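Structure first, then comments.
Protein chains: 2
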Amino acid sequence: MGSAERKGRERAERERRITAAARAIAEREGWSAVTIRRLADEIEYSQPVLYSHFENRDAIVTAVAIEGFGELAKALHKAAHRSADRRKAIESVATSYLAFARQHPALYQAMFTLPTGLHFAEADTKPELKEGFAALAAVVSPSRSDVEAATETFWAALHGLAELERSGRIRRSARDERIALLVRGFLDS
Amino acid sequence: MGSAERKGRERAERERRITAAARAIAEREGWSAVTIRRLADEIEYSQPVLYSHFENRDAIVTAVAIEGFGELAKALHKAAHRSADRRKAIESVATSYLAFARQHPALYQAMFTLPTGLHFAEADTKPELKEGFAALAAVVSPSRSDVEAATETFWAALHGLAELERSGRIRRSARDERIALLVRGFLDS
DNA sequence: TACGTAATCTAGCATTGCTAGATTATCAAG
DNA sequence: CTTGATAATCTAGCAATGCTAGATTACGTA
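Heads up: the protein sequence lines correspond to chains A and B, in order.
Per my numbering, the first sequence starts with residue -14, numbered consecutively.
Per my numbering, the second sequence starts with residue -14, numbered consecutively.
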C-alpha cells in the first residue's frame, strides 16, 4: 500500500510548485504581486490549501529565500575556485556575488530585506545559510586569525554594494572600480 | 488679510504632525502599524485629509526618510570633525553611522529598504541626500583621485554592516573588530 | 457497501489603501 | 447681516488583502 508515499510525493511536488510560482511572480512583477489568491490560482487549488503547506505568507517568502541561499552558496563556491591566485579569487567571488544580486533581484530581496525571521550565527541556522558564509570565509584570508570578523566585514561590503546599486544610490558605471577598491582593502593581511 | 498665511502655517504644522506620528509609531511598533486610519486618528482628522498632503502612503514614508537623511548627515558631519587625525576621523564616522542605524531602526529602514523612489547620483537628488554623502567623502581620502568611488565603497560597507547587524546575521559582539578592519582597509591611500 | 477520516472547497471576516460624493465652514460681495 | 460661491472636511463605501470556520467531497478500510 504505497499510497501514503505517493501522497507524500504529490504533496512535496505541490509545495515545490507554490514556491516556484511565488519566485516567478516576484521576479516578474515584484513581491507585492505575490498574493495567496494568485498562488492558489497558479497551482489550481483553493487558498486554504496553501495554509496546509505554509503557516502564512511570510513562510512562503522564507522558503524562497532559503532556496536562494543555496544557489548563492553554489555560485560563490564555484567563483572561489576559479583561480589559485588569491587576489583573483576574491575578485571573482565579489563579482559573482554582485551579479547574483543583480540577476535575481526579487530572490535577493527575499533573502535580505523582506521579513523572514532567518538568522545566522545562531544555533538553529540552516545549512544553506552557513555554506555561503563558508565560501566567503575560504577566500577572504585563511591565514589571518580574525577570519570570522573579516568574512563578516567582506560580506557586509558586498551586501551594501548590492543594495545601494539596486536602489540606484551609487553609480552603475563605477562598479568595477569599487570592486577593485574593496579587493585591495582585503588583500593586505 | 493674513488669513492665507495663517492657513499655510496651519497646513504645514498639520503635515509635520503627520510625519512625526508616522515616525513615532514606526519606531515603536514597526512600519506595518503605520496605517492611514491610525495616522488620521493621531492628528484628529479624517483619512482623506492625509491625501491632501501626500499622494499615498509611500509618500509619507518618503517624507520621513528625507528627514532621516538630514539627521544622518548632521551626525556624520559632527563625527568627521571630532578629530584631526584621519584614522580617528574615519573611525568616528563609521561608529556614528552604525550607531545612528541602531538607534533609529525604523527611520533607517525608511531611508534604505522601504520603497520610496529616492535616488542619488541623479539630477533630482534632494540636498539632504547629498550632504551625508559629502560628509563621508570628506573623511574617506581627500587626496586620492577616485574619491567618489571610494566614498561609495565606504558607504556600502557601512550600510551592509548596519543591515546585517540589524537582521541578526553577523555577531553584535564583533562590531568593533569589524570597524577596525574596515577603517584599516580605507587608510592606505 | 457503508463508514470514518482526511483532503479540499465555499463563503466570509476584518483590515488595508484609497476615493466619490455629500456636508460643512469660510469669507468676499451686495 | 445675508447670500452665495469656494474651499475644507467628512461619511460611507469599494476592491483587494491575509487568513479561517464550517460545509462538502474524496478515499481507504472494514
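Ideal Cβ positions, reconstructed from N, Cα and C, are used throughout, including at glycine.
Bear in mind the structure is a predicted one, so any value in this text is a computation, not a measurement.
| Item | Value |
| --- | --- |
| Within 10 Å of its beta-carbon, does R163(A) have 16 or more other beta-carbons around it, so buried, or fewer, so exposed? | buried |
| Interface residues of chain B around W140(A) at Cβ under 8 angstroms? | G145, L149, I155 |
| What residue range does the alpha helix (DSSP H) around E52(B) cover? | 42 to 65 |
| Do G145(A) and A141(B) have their beta-carbon atoms positioned less than 7 angstroms apart in this structure? | yes |
| Who are the near neighbours of M(-14)(B) in its chain, counting only those whose CB is closer than 7 angstroms to its CB and skipping five residues on each side? | Residue confidence is low: M(-14)(B) scores 49 on pLDDT, short of 50, so the model does not pin down where it sits. No coordinate-derived value is stated. |
| Going along the chain, which unbroken runs of the alpha helix (DSSP H) with 4 or more residues stay wholly within the stretch 16 to 45 of chain A? | 21 to 28, 32 to 35 |
| On a Cα-Cα basis, can you pick out the residue from D70(B), G170(B), A95(B) that is closest to A44(B)? | A95(B) |
| How far does the alpha helix (DSSP H) with I75(B) in it extend, from its first residue to its last? | 71 to 88 |
| Can at least three beta-carbon pairs, one atom from the stretch 102 to 117 of chain A and one from the stretch 46 to 63 of chain A, be found at a separation below 8 angstroms? | yes |
| Taking C-beta pairs closer than 8 angstroms, name the residues in chain A that F105(B) reaches, listed in chain order. | G153, R154, I155 |
| Quick check for students: name the residue ranges of the beta strand (DSSP E) that lie wholly in the stretch 111 to 161 of chain B, counting only runs of 3 or more. | none |
| Given a cut-off of 7 angstroms on the beta-carbon distance, is the pair A135(B) and V124(B) in contact? | no |
| Quick check: is the beta carbon of G15(A) nearer than 7 angstroms to any beta carbon in chain B? | no |
| Since T101(A) and A50(A) should fall inside the 8 angstroms C-beta cutoff, what is the C-beta to C-beta distance between them, to a whole number of angstroms? | 5 angstroms |
| Taking 7 angstroms as the cut-off, decide whether the C-beta atoms of V132(A) and E76(A) are in contact. | no |
| State yes or no: is the C-beta of I10(B) within less than 7 angstroms of the C-beta of A18(B)? | yes |
| DSSP on F105(A), reduced to helix/strand/coil? | coil |
| Is A147(A) near L61(A), with beta carbons less than 7 angstroms apart? | no |
| Quick one, which of F171(B), R8(B), L166(B) has its alpha-carbon nearest A165(A)'s? | F171(B) |
| Our contact map puts A6(B) next to E27(B) with C-beta atoms below 8 angstroms; I'd like the distance itself, whole angstroms only. | 4 angstroms |
| Report the rounded CA-to-CA distance for Y93(B) versus H104(A), giving the unit in angstroms. | 20 angstroms |
| Taking 7 angstroms as the CB-CB cut-off, is T47(B) touching chain A? | no |
| Grab me the residues of R67(B)'s own chain with a C-beta within less than 8 angstroms of its C-beta, minus the 5 sequence neighbours each way, in chain order. | K73, A74, S77 |
| For chain A, is any of its Cβ atoms less than 7 angstroms away from the one on E(-2)(B)? | no |
| For L35(B) and A25(B), I'd like the C-alpha separation in whole angstroms. | 7 angstroms |
| Which residue's Cα is closest to the Cα of R(-1)(A): R22(A), A69(A), T138(A), Y30(A)? | Y30(A) |
| Does the Cβ-Cβ distance between A58(A) and S81(A) come in under 7 angstroms? | no |
| Comparing the C-beta of R129(A) with each C-beta of chain B, is any distance below 7 angstroms? | no |
| Taking the alpha-carbon of R87(B) as reference, which of E40(B), T138(B), R151(B), F39(B) has the nearest alpha-carbon? | R151(B) |
| So with CB distances below 9 angstroms, who are the chain A contacts of E113(B)? | Those within 9 angstroms of E113(B) in chain A number zero; the least Cβ separation is about 13 angstroms. |
| Excluding sequence positions up to five away, which residues of its chain have a Cβ less than 6 angstroms from the Cβ of F85(B)? | L57, A60 |
| Roughly how many angstroms separate the alpha carbons of K111(B) and I155(A), rounded to a whole number? | 15 angstroms |
| Pull up the CB-CB distance for R1(B) and I21(B), whole angstroms please, since I reckon it's below 8 angstroms. | In fact, because the Cβ distance is near 17 angstroms, the residues do not count as touching under 8 angstroms. |
| Ignore the nearest five residues each way along the sequence and tell me which others in T4(A)'s own chain have a CB closer than 8 angstroms to its CB. | I45, A48, V49, E52 |
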